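Counting in full-length UniProt numbering, the sequence shown runs from 1 upward without gaps.
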Amino acid sequence: MPTSPASLLQQFFDKGPPMVLLEANAPSFRIVAANAAFLSITSTTYEGVVGKDLCSAFPEQLAPSGSKEGTMLLRNFTTVTETRTAQELNGLRYDRSGAAGDSEAHYWRINTSPIIDDDNYVSHLLCEVTDITDSWTLAGVESSRKAFSEQLQHQFMKAPIGMMFINQENYGIEYANVAMHQLLNRAPAEKIIGEPLFKLLPELEHQGYKPLFDEVFATGQSYSAIEAPLQYKRGDKAKTYYIDLTVEPLYDDAGQIRGVVGFALDATDKVRSRARLQGIIDEKKIVESNLRANEKRLVQILETMAEGVSIIDTSGKLTYANPMAQQILGMHENEVLSHSTTHSSWQILKPDGSPLPDEEHPMAMMMATGKPVYDREIAVQPPDGDRFYISINAAPIRDDNNNIVLGIGTFMDVTSRRKIAEQKDEFISVASHELKTPLTSLKLSMQLLTKVLGTDPTSPRIPLFLEKANDNLVRLVHLTEDLMNVSRMDHGKLPLKKTWFNLLKLIEEGTEHIRNNNYNQIILNCDPNLMVYADEHRIDQVVVNFVNNAVKYAPDSKDIIIKVMCNSTEVRVSVQDFGIGIPPEKIPHLFERYYRVDQSAMQFSGLGLGLYISGEIITRHGGKIGVESETGKGSTFWFTLPLS
């Protein structure tokens, strides 16, 4: 009995490739039938899938909302239904359990054909399933590799490092990215593929780079250079550029070198930046060295200045005092730095001795007003010392924002200057008195002489008036000569007319006036014929000054001892009186200009210049001068002259 077509169709369905028959009732697509091959590849049973909607039969594969596989499959079935044409769907993923129980991914190709009923409607869909896992995976790998290759090539072209492949045949460039085009001074669109490298850039060969490439080809050893210099034209100018260069050999499948890959990075900016930075560092070092040198010089200047220099902060605390400042203030450095300008241990006074308010201190005034203060004099009374006077100059130190951050003061001890000024004022007063007295006496003598001559030309009083007038004239001459000698010494014009003379004879003649008045005596302890080489007039002036002072300051004593003693190198002359003596504190000042022992009263006449002039005369002769005295017992003034 022949087999019917329906039976043949059923056998084909049952024994054919994996197939499933679906009802075309989108979106359910109910499973009407499934053959054994389909049940096998899906790891399902007939009862588990037939009669169920497609998504219900395969919930893990198709049911998740928005799943990629489910969306692809339903769209494919809908297209077949609507277009009434067969469709092929490739690469549908279906996960099934493997032998070890783990999930394995399979990929299907589904060919879907429409079944048309008698009413010309698509009533069913016949799906034939083919497992294409092996071919699909290989294609995917190839596709991925191609995509990766394209991506790699894209990244290669965009890499900031210049890269190129060069063959061995003629050093032809087979590949070069954009960065390499730029390094080779070529536009990205410019054709350089196939061009020999050393023809394209002959400077490379001229500067010794070709042997380096030859070495890589010959040995297979890579070459690297950091910041290698290369001079060539880039743009309009030829300059020296610096390149980080690596050349690696590239092998074929047979292990033969078929070319090299060059990697080049433009390090010019780095080198130049480093050079600029080094220049800045070197310049900074020079500046710092100069600053240190200037600071050292400044410190040396400050440390050796004859003026005191002090620096205070904004609170008035001393932060620096140079050695002269420490000397003037009578303090050590660690003591100075613990004080302020208004420290309670210092009495700061006005020049007249009255207290100086803190705000009137020159440094405080400068810090308060921001203006310099010049030559402001104040008195300082230390806790355990003599009062002294200083003249201060003060100025502010400002930062870049013009804010006062420190104050600097320079000062000098003007105690001696004040003392000299006071002595000078007193000298003027004394000089006026000393000059006025003989002038007044001379005037009176002349008036009396004129009167007597008019009434009695033969009067015995006339010689007395003339003698008195002459004495006053001599006195005026001596006063004037003292003043002129001081002026000459101030200008270095006190001449010395040295000659050889008998010193004892000079002393005898210079002291004749006191011997005639019963003063004594001369004690000689050397050769009476001793000759010295000196200015006879000036030495006589010194001897007479010593003797006259002895008479003046010992009015109640007739004893004056003059000693002349000598040795092999010098002669010593001393004049001793037994008068009032000199207080010890006044002795160091006796030979100063204008200094008078009797400063508090004008008991004794004189300008106070005699000892000063005597000291200058002896010093200019290379001798020494001094005094030994005890209050109430008298004084001994002495000088020496060299005999050589």
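Just so you know, even glycine gets a beta-carbon here, dropped at the ideal spot from N, CA and C.
In this text, all values refer to a predicted model and were calculated from it rather than measured experimentally.
Q: Could you pull out every residue in the same chain whose Cβ sits closer than 7 Å to the Cβ of residue 644, ignoring the five residues on either side in sequence?
A: 569
Q | Residue span of the alpha helix (DSSP H) that contains residue 55, given as start and end | A | 54–57
Q.
Rounded to the nearest angstrom, what separates residue 200 and residue 231 at their Cα positions?
A. 14 Å
Q) In angstroms, rounded to a whole number, what distance separates the CA positions of residue 131 and residue 114? A) 21 Å
**Q.** Beta-carbon contacts of residue 601 that lie in its chain and below 7 Å, excluding the five residues immediately before and after
**A.** Because residue 601 carries a pLDDT of 36, less than 50, the predicted location of this residue cannot be relied on, and the following value inherits that uncertainty. Cβ within range, chain order: n/a, list empty.
(Q) Assuming residue 402 is part of the beta strand (DSSP E), what are its boundary residues? (A) Here residue 402 belongs to no beta strand (DSSP E), and DSSP marks it neither H nor E.
Q: Measure the Cβ-Cβ separation of residue 217 and residue 257 and say whether it is below 8 Å.
A: yes
Q | Residues near residue 611 in its chain [Cβ-Cβ closer than 6 Å; skip 5 each side] | A | 590 and 591
**Q.** One or two residues paired with residue 393 in a DSSP bridge
**A.** 410
Q. What first and last residue would you give for the beta strand (DSSP E) that runs through residue 124?
A. 122–131
(Q) Quick check on DSSP: helix, strand or coil for residue 601? (A) Residue placement at residue 601 is flagged as unreliable, the pLDDT there being 36, under the threshold of 50; the coordinate-derived value follows with that caveat. Reduced to three states, the DSSP call for residue 601 is coil.
(Q) Quick check: residue 536 and residue 499, are their CB atoms within less than 8 Å of each other? (A) yes
Q. Is the region 575–584 touching the region 627–637 in the sense that three or more CB pairs, one from each, lie closer than 8 Å?
A. yes
Q) Since residue 319 is in the beta strand (DSSP E), which residue starts that stretch and which ends it? A) 318–321
(Q) Since residue 496 and residue 461 should fall inside the 8 Å C-beta cutoff, what is the C-beta to C-beta distance between them, to a whole number of angstroms? (A) That pair is no contact at about 44 Å.
Q | Exposure label - residue 112; buried when at least 16 CB within 10 Å | A | buried
Q: Mind checking which residues open and close the beta strand (DSSP E) that includes residue 385?
A: No beta strand (DSSP E) contains residue 385, which DSSP labels as neither H nor E.
Q. So, using beta-carbon positions, are residue 319 and residue 311 closer together than 8 Å?
A. yes
Q. Considering only residues of the same chain and omitting the five flanking positions on each side of residue 79, which have a CB-CB separation below 7 Å?
A. 87
Q | Neighbourhood of residue 265 by C-beta, 6 Å cutoff - its chain only, sequence neighbours within 5 removed | A | 161 and 244
Q: Just grab the DSSP bridge partners of residue 502 for me.
A: 531
Q.
Can you tell me whether residue 332 is buried or exposed? The criterion is at least 16 other CB atoms within 10 Å of its CB, across all chains shown.
A. exposed
Q: Spell out the partners DSSP gives residue 105 in its beta bridges.
A: 95
Q.
Within a Cβ cutoff of 8 Å, which residues of the same chain sit near residue 277, ignoring the five residues on either side of it in sequence?
A. none
Q. With distances taken from CA atoms, which of 376, 392, 398 and 346 is nearest residue 384?
A. 346
Q. So is residue 81 buried or exposed if we call it buried at 16+ other beta carbons inside 10 Å?
A. buried
Q) Hey, out of 42, 191, 46 and 126, whose CA is closest to residue 9's CA? A) 126
Q. Ends of the beta strand (DSSP E) at residue 167?
A. 162–167
Q: Count the other CB atoms, across all protein chains shown, that sit within 10 Å of the CB of residue 584; report buried if there are 16 or more and exposed otherwise.
A: exposed
Q: Have a look at 83, 381, 279 and 54 and flag the residue whose alpha-carbon is nearest the alpha-carbon of residue 70.
A: 54
Q) residue 302 to residue 418, Cα distance in whole Å? A) 25 Å
Q | Neighbourhood of residue 507 by C-beta distance below 8 Å, restricted to the same chain and skipping five residues each side | A | 522, 543, 562, 564 and 573
Q. Among all the DSSP beta bridges, which residues are the ones paired with residue 113?
A. 126
**Q.** N- and C-terminal bounds of the beta strand (DSSP E) containing residue 179
**A.** Taken as a continuous stretch (DSSP letters only), residue 179 belongs to no beta strand (DSSP E), being part of the alpha helix (DSSP H) at 178–183.
Q: Would you mind giving the Cβ-Cβ distance between residue 308 and residue 363, rounded to the nearest angstrom? I have them listed as a contact below 8 Å.
A: 12 Å between Cβ atoms; not a contact.
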